[in-house]
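A short write-up of the structure that comes next.
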């Protein structure tokens, strides 16, 4: 396993995105816990979750509680595992997603997440998405307050522009350690953000890094032509590897 730094914490280069374990078509808890344990067995030390990763109304924090139970039941040492959670989004239960960047809401959400995860301080807390109804500096200021209060150890932001990264960095300083945006061989709109993160010394966490990849999208029907033009095939050809290795 290769490793990367998020702030002053070293984590596995490959993390576990736990959202599918709690949203629509989720597995039963036994299988979900086994999935987390398999990731830990493979050397994964970064688990990404959020208070909005749930299916039905009234079950906010489902994924955080699941991760906490999975870690508690694991037979090995989990002290080195970084659980990164997020706040600022909601799910009313009709399949939609809402956004709430109100500072008071974010502070309450972080405190609730810490309780669900069973920790005194969250290792990494990320603002899930900018709220157009709330000034960005106010939302980011809530993260600064949470760091100063000891509720969270480090802050991150997600689904952001380069300007929002610069503004957040100005407010948070060294407390801002990462940016999480969608990025994959097929979706590369965040390359300016990726370059800015490198310049500022911030970790970049890609969400959906495989771009919704599946075996059929790689091989195509009976290995037909349909798949040969995918972004994975083009990158693989340039590097002399298989699409699956990409």
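Numbering (the numbering used here), first residue to last: 1144 to 1389. No residue lacks a Cβ here, since even glycine has one placed at the ideal position from N, Cα and C.
Drop a sphere of 10 angstroms on the beta-carbon of residue 1207, count the other beta-carbons inside from all chains shown, and report buried for 16 or more, exposed for fewer.
Residue mapping note: residue 1207 aligns to position 64 of the chain shown, counting from 1. Buried is the call here.
Answer yes if the region 1232-1252 comes into contact with the region 1196-1216, meaning at least three C-beta pairs across the two stretches below 8 Å, and no otherwise.
Contact annotation: the region 1196-1216 touches the region 1232-1252, with at least three C-beta pairs closer than 8 Å.
Under three-state DSSP, which class holds residue 1350?
Taking the first residue of the chain shown as 1, we reach residue 1350 at position 207. Residue 1350: strand per DSSP, three-state reduction.
Cα separation between residue 1345 and residue 1235?
Sequence index remark: in the chain shown, residue 1345 carries index 202 (1-based). Sequence index remark: in the chain shown, residue 1235 carries index 92 (1-based). When rounded, the distance between both Cα atoms is 33 Å.
Taking Cβ to Cβ, would you say residue 1276 is nearer than 7 Å to residue 1286?
Taking the chain shown and counting its residues from 1, one reaches residue 1276 at position 133. Taking the chain shown and counting its residues from 1, one reaches residue 1286 at position 143. Not in contact: residue 1276 and residue 1286 (Cβ atoms no closer than 7 Å).
Could you tell me the distance, in whole angstroms, from the CA atom of residue 1284 to the CA atom of residue 1315?
Translated into positions along the chain shown, residue 1284 becomes position 141. Translated into positions along the chain shown, residue 1315 becomes position 172. The straight-line gap from Cα to Cα measures roughly 8 Å.
Below 6 Å CB to CB, which residues in the same chain sit around residue 1333 once its five sequence neighbours on both sides are set aside?
As a working mapping, residue 1333 is identified with position 190 in the chain shown. The residues 1324, 1326, in chain order, have a CB closer than 6 Å to that of residue 1333 in the same chain once the five nearest residues on each side in sequence are set aside.
Of the choices 1349, 1318, 1385, whose alpha-carbon is the least far from that of residue 1152?
As a first step, residue 1152 is located in the chain shown; it is residue number 9 there, counting from the start. Ranking 1349, 1318, 1385 by CA distance to the CA of residue 1152 puts 1318 first.
Cutoff 7 Å: residue 1220 Cβ touching any chain C Cβ
The chain inventory of the structure shown lacks chain C, comprising one protein chain alone.
Could you spell out the range, first to last residue, of the alpha helix (DSSP H) harbouring residue 1317?
Translated into positions along the chain shown, residue 1317 becomes position 174. Element bounds for residue 1317: n/a, residue is neither H nor E.
Would you list the residues sitting across from residue 1160 in a DSSP beta bridge?
Locating residue 1160 in the chain shown gives position 17, where the first residue counts as 1. The bridge partners DSSP lists for residue 1160 are 1191.
Specify the secondary structure class of residue 1308 as computed by DSSP and reduced to three states.
As a working mapping, residue 1308 is identified with position 165 in the chain shown. Note: residue 1308 maps to helix in three-state DSSP.
Going by CA-CA distance only, name the one from 1232, 1293, 1330 that's closest to residue 1282.
Within the chain shown, numbered from 1, the residue matching residue 1282 stands at position 139. Comparing Cα positions, the closest option is 1232.
Would you mind sorting residue 1159 into buried or exposed? The rule is 16 or more other CB atoms within 10 Å of its CB.
On the chain shown, residue 1159 is found 16 positions in, with the first residue counted as 1. With 16 or more other Cβ atoms within 10 Å, it is buried.
Decide if residue 1343 is buried, meaning its Cβ has at least 16 other Cβ atoms within 10 Å, or exposed.
Numbered from its first residue, the chain shown carries residue 1343 at position 200. With fewer than 16 other Cβ atoms within 10 Å, it is exposed.
Label residue 1196 either buried or exposed according to how many other C-beta atoms from any shown protein chain fall within 10 Å of its C-beta, with 16 as the threshold for buried.
Here residue 1196 corresponds to residue number 53 of the chain shown, with the count starting at 1. Looking at its Cβ environment, which holds 16 or more other Cβ atoms inside 10 Å, residue 1196 is buried.
Range of the contiguous beta strand (DSSP E) that encloses residue 1229:
The residue you call residue 1229 lines up with position 86 of the chain shown. Unbroken beta strand (DSSP E) run through residue 1229: 1225-1230.
Are there three or more Cβ pairs, one per stretch, closer than 8 Å when the region 1252-1271 is compared with the region 1178-1186?
No, because fewer than three Cβ pairs between the region 1252-1271 and the region 1178-1186 fall closer than 8 Å, the two stretches do not touch.
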